[in-house]
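Residues 281 to 677, numbered by the working numbering, are exactly what the sequence shown covers, in order.
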Amino acid sequence: MKTITLREGKERSLHRRHPWVFQGSIAKGGGDAGETVRVQSHDGQFLAWGSFSPTSQIRVRAWSFDEAERIDAAFFERRIAQAVALRPRLAIASDAMRLIHGEADGLPGLVVDRYAHLLSAQFLSVGVERWRDVIADALLQATGCHHIYERSDVGVRELEGLPQRTGWLRHPEGDPLVTELAIREHDLRLSLDVAEGHKTGYYLDQRDNRKLFADLVRQLGAKRVLNCYSYTGGFSVAALAGGATEVISVDSSGPALARANAHVALNGFDASLHTTLDADVNATLRRFITEGQQFDAIVLDPPKFAPTAAHAERAARAYKDINRLAFRLLSPGAALLTFSCSGGISADLFHKIVAGAGLDAGVDGYIVKRLEASPDHPTTVTFPEGEYLKGLVILRR
Ligand code: SAH
281 MKTITLREGK ERSLHRRHPW VFQGSIAKGG GDAGETVRVQ SHDGQFLAWG
331 SFSPTSQIRV RAWSFDEAER IDAAFFERRI AQAVALRPRL AIASDAMRLI
381 HGEADGLPGL VVDRYAHLLS AQFLSVGVER WRDVIADALL QATGCHHIYE
431 RSDVGVRELE GLPQRTGWLR HPEGDPLVTE LAIREHDLRL SLDVAEGHKT
481 GYYLDQRDNR KLFADLVRQL GAKRVLNCYS YTGGFSVAAL AGGATEVISV
531 DSSGPALARA NAHVALNGFD ASLHTTLDAD VNATLRRFIT EGQQFDAIVL
581 DPPKFAPTAA HAERAARAYK DINRLAFRLL SPGAALLTFS CSGGISADLF
631 HKIVAGAGLD AGVDGYIVKR LEASPDHPTT VTFPEGEYLK GLVILRR
């Protein structure tokens, strides 16, 4: 067993059960990619078992803080069973949910979403990459599923020295290998293709916020709705379910918009109530302002502008820009649902950015709710960094 010895004072975060060891904290020791190492303090006290990553800034991701625990197949079976057992306690109104949310589920670098009968997995660190087969078998055992599709086509794998990989990881013999699926989310019917969709196929973290939006649209009697960064139109069909009569979905992905149209039909709404715009959101918002358009409700759910805190400043300007434009398009009494999924932008900072945007637009509003990811994307007490999605519901004065 290889040992990693930390510099003096660098044991503190592991004592608080924070699972990352950065390169700069290590005094000596190393290992192969994904190898299990013993992490100890400068004076030899055991701190954690972890997986070593020779190329990443995060050199070790802790598996366990219990010296007696062995990191073997049974370890992964236990962790996966525990994560799967949590989900029914979260009252998730869907047959699609996140089953494994990385660090929060004690499995750094592993993301697994369940879509009906199929699991869609991302292996994002060398640690989980090394245990990939064990993890795949444990997932099937814990869920009773027979299908796993892998979507390890994510940029962060490069930081770990790993190539991108997609395709079937497990399937029954002779299976027709269908990647297109139907799911149910609250009262909505949705579809996705795990091979073609973004991430693992769909944005499950916004599930409860889409439901909240449907209720809000109904409560306000909002008729004209603008859904920016709509992807496959989850918020758009939610708006229609809430009684909206004119919904515009804006996204730069043509296939996503085609599916948004399909979702309108799938949920029994008239196609004439929904328009798609394959366009840049920023430019579209500017055009709408020039045209003097107004909306009763607007959703802003942009992609991650700041992957890390280092990108926060430029990202803050981009967030402020779109929020300022959206504020100007709100009719009196209208609602704005605005989000950031950037880990590098705290809820506090996001609040300040949106406040600044309102000020610049000359529009005031009531912050009536603060939003976060659905509970199957948990944040743990010991790893607050896991919190990434934050949102505000604002009612224009
Ligand atoms: N709200 C969606 C998820 C949005 S993900 C849901 O509930 O499912 C972010 C989306 O922004 C992606 O679909 C991506 O295609 C789109 N996007 C990224 N940059 C864009 C841009 N500049 N203009 C328009 N859409 C963009």
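Positions of the beta carbon are idealized from the N, C-alpha and C atoms, including for glycine.
Computed from a predicted model, the values in this text were never measured in an experiment.
Check the Cα spacing between Gly513 and each of Phe493, Gln499, Ile602: the tightest is with Phe493.
If you look at Glu652, you'll find it in the beta strand (DSSP E) that goes 645-652. Cβ-Cβ distances below 7 Å link Leu461 to Tyr395, Ala396, Leu398, Ser471, Leu472, Val474 in the same chain, with the five nearest sequence neighbours on each side left out; the list follows chain order. With contacts defined by Cβ atoms closer than 8 Å, Thr480 and Val391 form a contacting pair. The alpha carbon of Gly389 has as its nearest neighbour, out of Ala353, Leu420, Glu440, Leu419, the alpha carbon of Glu440. Between the stretch 538-551 and the stretch 645-653, the count of C-beta pairs closer than 8 Å stays below three; the two stretches do not touch.
Going by DSSP, Gln362 is part of the alpha helix (DSSP H) stretching over 353-366.
Contact between Val319 and Ala313 does not hold, since their C-beta atoms are separated by about 16 Å, which reaches or exceeds 8 Å. Apart from sequence neighbours up to five positions away, the residues of its chain that approach Ala545 with a beta-carbon distance below 8 Å are Ala551, ordered along the chain. Taking the C-beta atoms as reference points, Lys290 is found nearer than 8 Å to Ser305.
Between Leu616 and Gly572, the beta carbon gap of about 18 Å keeps them out of contact (Cβ cut-off 8 Å). Among the bridge pairs identified by DSSP, Cys508 is matched with Val530, Leu580. Take the alpha-carbon of Arg566 and the one of Phe356: they are about 50 Å apart.
Per DSSP, Gln325 lies in no beta strand (DSSP E) segment and is marked neither H nor E. Shortest gap from the CB of Thr618 to any heavy atom of ligand 1: 7 Å or more.
Within the chosen limit of 7 Å, ligand 1 reaches the beta carbon of His478 through at least one heavy atom. If you compare the alpha carbons of Ala577, His466, Gly642 with that of Asn547, the shortest gap goes to His466. If you ignore the 5 residues before and after Val497, its C-beta comes within less than 7 Å of the C-beta of Val505, Ala519, Gly522, Gly523, Ala524, Ala577, all in its own chain and listed in chain order. About 16 Å separates the beta carbons of Ser620 and Phe607, which is beyond the 8 Å limit, so they are not a contact pair.
In the three-state reduction of the DSSP assignment, Ser305 falls in the helix class. Per DSSP, the beta bridge partners of Ala462 are Ser471. For Lys491, the enclosing alpha helix (DSSP H) starts and ends at 487-500. The three-state secondary structure of Thr659, taken from DSSP, is coil. The beta carbon of Thr556 lies closer than 7 Å to those of Ser529, Leu537, Ala540, Asn541 in the same chain, with the five residues before and after it left out. Setting aside the 5 residues that flank it on each side, Ala598 is surrounded in the same chain by Phe585, each with a C-beta closer than 6 Å to its C-beta; the list follows chain order. For Ser516, the secondary structure class from DSSP, reduced to helix, strand or coil, is helix. Taken through DSSP and simplified to helix, strand or coil, Pro664 comes out as helix. Going by C-alpha positions, Val414 is about 15 Å away from Ser331.
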